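*Asks:* Numbering (this note's numbering), first residue to last: 14 to 179.
For every residue, glycine included, the Cβ atom is placed at its ideal position computed from N, Cα and C.
In this text, all values refer to a predicted model and were calculated from it rather than measured experimentally.
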Ligand SMILES: CC(C)(COP(=O)(O)OP(=O)(O)OC[C@H]1O[C@@H](n2cnc3c(N)ncnc32)[C@H](O)[C@@H]1OP(=O)(O)O)[C@@H](O)C(=O)NCCC(=O)NCCS
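#1: Report the residue from 134, 91, 126 whose alpha carbon sits nearest the alpha carbon of residue 152.
#2: Fully enclosed by the segment 27-74, which beta strand (DSSP E) runs are 3 residues long or longer?
#3: Over what stretch of residues does the alpha helix (DSSP H) that includes residue 153 continue unbroken?
#4: In its own chain, which residues sit with a C-beta less than 6 Å from the C-beta of residue 142, not counting the 5 before and 5 after it?
#5: Examine ligand 1 and report whether any of its heavy atoms sits within less than 8 Å of the Cβ of residue 19.
#6: Hey, quick one: how far does the beta strand (DSSP E) through residue 121 stretch, first residue to last?
#7: My assumption, with CB atoms under 8 Å, is that residue 116 sits in contact with residue 83. Please give the rounded CB distance.
#8: Please list, in chain order, all residues of the same chain as residue 35 whose beta carbon is under 6 Å from its beta carbon, the five residues on each side excluded.
#9: Rounded to whole angstroms, what's the CA-CA distance from residue 57 to residue 93? Just pull it up for me.
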């Protein structure tokens, strides 16, 4: 039986050994090394990795935190480790921290054709905020804008108290 998934901040040496490798196997138009390096330099950005069996990186998630908003920019799991709860563990970790930090909401965009990812987010109580027309430059595909609000989620471990004035 495999070990539990652990989530921790990425190390710079894992950019080439893990992030770029997983990204290229996961996205039709993968982020470049330069794009990842910009995230390492961005003070509002942080990259989390999922590990199992010691230090094997099997997934990553890129998150921005700007004041009380959290935005998930990228999530990917090594194809050999999919459907084992790794993606859910990473997103749930971000939601737990958002609830703990009393974030107002968590948002992300997802391709309308990306059924596995949409299923993952729905299973964690994300809802549809809107649709961004022709959001993806590579093929003109629309994005769904999804949102998650700690105080409205059954998942929130530390929900914000409702505003008594409504
Ligand atoms: C989307 C992705 C991150 C999911 O990672 P994962 O580790 O395989 O997902 P999990 O095992 O945690 O699955 C959690 C839930 O998501 C849904 N799900 C995941 N993969 C699915 C699939 N192929 N088909 C249908 N539902 C799926 C299911 O509801 C699943 O729960 P279940 O296994 O109990 O039925 C992964 O498929 C991936 O890396 N895809 C390529 C990159 C990508 O599309 N990223 C998202 C960009 S917004």
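*Replies:* The answer reads as follows:
#1: 126
#2: 58-65
#3: Premise fails: residue 153 is in no alpha helix (DSSP H) and is neither H nor E.
#4: 158, 160
#5: no
#6: 118-124
#7: 5 Å
#8: 89, 91
#9: 31 Å
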